[in-house]
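A.B. asks: Got a structure for you, written out below as structure tokens; questions coming shortly.
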Amino acid sequence: MRENVLFSSPSYKFTLTPTHIYFFSLQTPKLRRSRVRTKAMEVGGLDSKGREFKNAEEMWREQAGDPSKKCDWYKHGVGYWEGVEASVNGVLGGYAQVNEPDVEGSEAFLNTLLSERFPNSDHLAALDCGSGIGRVTKNLLIRYFNEVDLLEPVSHFLDAARENLGHTSSDKHKATNFFCMPLQEFTPDAGRYDVIWVQWCIGHLTDDDFVSFFNRAKAGLKPGGFFVLKENIARTGFVLDNEDRSITRSDSYFRELFQKCGLHIYQSKDQKGLPEELFAVKMYALTTDSPKRVHWTRSKVKANMPRIIK
Ligand code: SAH
């Protein structure tokens, strides 16, 4: 077994020691498929220094358990990004080469969603959350949406976004509003957006703020509108990054939070083609209405029964 494996991702890096390997090996695929389901938040986690937490509650109590700790959590999060260069390489944690497969994967995902949910719309609006320098808007959203608003708490990123998007905007496709604000303080205008895109930034929000953000943001969706959440996925539990104060959650952790938000997974897809040493990345399309189930009428059930050929 290798002694030290470097695990990193756009925005998150940590070194995997033998303790981590032991910890991860506790969750075998067989165990995860077990019928006795453990609540994801009750599963332990790690930080980037190798410290183990019993569960998410213990970690959150320590990191953001009172108003001054919580204030520190967000100050350090934004503070980290304030020291990062306003470039594609900067917002992708030194992995500029991830931009291309990321945009391709997102485009394929978005394309099907738009044709299913808005086949005949002639005006679409999106919100790019934690937009950074406007990478996602510039390479993807601005081509599909007539208006895109950007939300980003780090002012030098938002200035770069304004600059970058000036050249790509046209009368029919433009970046309209630039909100310099963190997600946990933002409430969108009611019914403004067809899609709210949240990529590589939700790890900065505590669980409580995650839930209250999505609950407020739901009102910002048009009928039929949806969220796209694209994020790094931990294999189990969570991983806390002590440097940029963010957490990487597991798929089941996310699913528990979606349930708390009253959101349904309309579609989800794994991002392909990223360097192996990075965290897995998943895209979720989330709706407020529950996905339609196929109700078999009697005649359909009958029609599907094997028949005896007479
Ligand atoms: N989504 C962009 C940027 C990813 S980098 C892209 O994919 O290119 C992570 C971004 O999250 C940074 O721009 C950072 O400033 C932003 N961020 C950090 N804390 C945040 C918060 N509390 N609310 C919203 N965005 C935040």
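When you line the sequence shown up against numbering that gives the first Met the number 0, it's residues 0 to 309, in that order.
In this text, a Cβ means the ideal position worked out from N, Cα and C, and glycines have one as well.
Being a predicted model, the structure only gives us computed values, none of them experimental.
#1: What is the DSSP secondary structure of Pro290, counted as helix, strand or coil?
#2: I'd like the list of long-range same chain contacts for Lys309, defined as Cβ closer than 8 Å, with 5 residues on each side in sequence excluded.
#3: Taking all protein chains shown into account, do 16 or more other C-beta atoms lie within 10 angstroms of the C-beta of Ala216, making it buried, or fewer, making it exposed?
#4: I need the straight-line Cα distance from Phe253 to Leu239, nearest angstrom please.
#5: Taking 8 Å as the cut-off, is the C-beta of Ser86 nearer than that to any heavy atom in ligand 2?
#6: Any chance the CB of Phe156 is under 8 Å from a heavy atom of ligand 1?
#7: Quick one: grab the DSSP three-state call for Ser105.
#8: Could you say which of Pro222, Asp250 and Glu242 lies nearest to Ala279 if we only look at CA atoms?
#9: Can you give me the Cβ contacts of Leu126 inside the same chain, cut-off strictly under 6 Å, excluding the 5 residues immediately before and after it?
#10: Just checking Gln183 against ligand 1 - is the residue's beta carbon closer than 8 Å to any of the ligand's heavy atoms?
#11: Within the present structure, is the beta-carbon of Gly76 separated from the nearest heavy atom of ligand 1 by less than 8 Å?
#12: How big is the Cα-Cα spacing for Glu242 and Pro181?
#13: Kindly indicate the opening and closing residues of the beta strand (DSSP E) around Tyr94.
#14: Nearest to Asp170 by CA position, among Asn145, Pro152, Gln183 and Glu151, is which residue?
#15: Short check: CB of His172 to CB of Glu81, under 9 Å?
#16: Within its chain, find whatever has a CB closer than 6 Å to the CB of Ala218; leave out the 5 residues flanking it on each side and keep chain order.
#17: Could you check where the beta strand (DSSP E) with Ser267 kicks off and where it finishes?
#18: Just mark Pro290 as buried or exposed, buried being the case when its beta carbon has 16 or more other beta carbons within 10 Å.
#19: Using the Cα positions of His122 and Gln270, report the straight-line distance between them to the nearest angstrom.
#20: Output needed for Phe22: all residues of its chain with C-beta closer than 6 Å, excluding positions within five of it in sequence on either side, in chain order.
#21: Does the structure place the region 134–143 close enough to the region 95–108 that three or more beta carbon pairs sit under 8 Å?
C.D. replies: So, from the listed chains and residues:
#1: coil
#2: Note that Lys309 scores 49 on pLDDT, short of 50, meaning its location in the model is unreliable; the coordinates nonetheless yield the value given after this. Excluding residues within five positions, none has a Cβ falling inside 8 Å.
#3: buried
#4: 15 Å
#5: Inclusion of ligand 2 in the displayed structure is not the case, the ligand content consisting of ligand 1 alone.
#6: yes
#7: Ser105 falls in the helix class under three-state DSSP.
#8: Asp250
#9: Asp148, Tyr192 and Ile195
#10: yes
#11: It does: the Cβ of Gly76 is within 8 Å (strictly closer) of some heavy atom of ligand 1.
#12: The alpha-carbon atoms of Glu242 and Pro181 are separated by roughly 18 Å.
#13: First-last for Tyr94: undefined, no H or E at that position.
#14: Closest by C-alpha distance to Asp170, out of Asn145, Pro152, Gln183 and Glu151, is Asn145.
#15: no
#16: Ala189
#17: His263 to Asp269
#18: exposed
#19: 28 Å
#20: Confidence is the limiting factor: at Phe22 the pLDDT is only 40, short of 50, which leaves the residue's position unreliable, though a coordinate-based value still follows. No residues qualify anywhere along the chain.
#21: yes
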